[in-house]
Amino acid sequence: MACLKKIAQDLAFDCANPGLISGIAGVEEAVILNYEDVSSISVSSTTGQAVVTMKAGTRGYTVQSVKNSIQVTEASRANDNAPTMLEISVVMKLLSSLPVVGYIIALVSGSFLVAIRTKNNQYFILGCNSPLEVSDLSTDSSTDGVSTATLKTPDGSCGDFHYSITAAQYNSLKTV
């Protein structure tokens, strides 16, 4: 049973600061990282922290969230031969005044990590154990042609977890 983890901390609600919840509460901005541009990923299941290093000359690409246009959901994924993990989905409305056709083509054929900044200025990264892939993409002419893409933990993987990153790490992912 070496794969089983034990809970090792208390959870308490801060009544003096009720707006600060330790979770993905309201995405303010996301940074999409092409998985092939990632040099290394280090995660700690003990601290829940991750460190991502990009290959030289590469960076992630910012997606601004407008009125909850980026949503993150997590659900348990039970596995027969592996520990239970999470299935992560990131649903993004591709809002841009520029054409998004090239962006869509890259989305449907790539795999990605997604770093997010919440409205409470907390920072997380998704896809460290199993890079996210497009599971659904639709464009609707009745919504002025807005395309919606869902990046998700691939069906063939055991699952993933979200990890915390620092503000400095998050900002460094956006620059070369």
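If you count the sequence shown from 1, you need to add 32 to reach my numbering. Don't be surprised by glycine CBs; every beta carbon is placed ideally from N, CA and C.
Its chain contains Ala57, Gly58, Val59 and Glu60 as the residues whose beta carbon lies nearer than 8 Å to that of Lys151, once the 5 sequence neighbours on both sides are disregarded; these appear in chain order. The DSSP-derived three-state label of Ala199 is helix.
Closest by C-alpha distance to Asp172, out of Thr180, Glu165 and Val166, is Thr180. In the three-state DSSP reduction, Asp69 falls in the helix class (H, G or I). Taking C-beta atoms under 8 Å as the contact rule, Val146 and Leu158 qualify, at a distance of about 5 Å.
Counting along the chain, Ala138 sits inside the alpha helix (DSSP H) bounded by residues Val133 to Ser141. In terms of Cβ geometry, Ile64 and Val95 form a close pair [threshold 8 Å].
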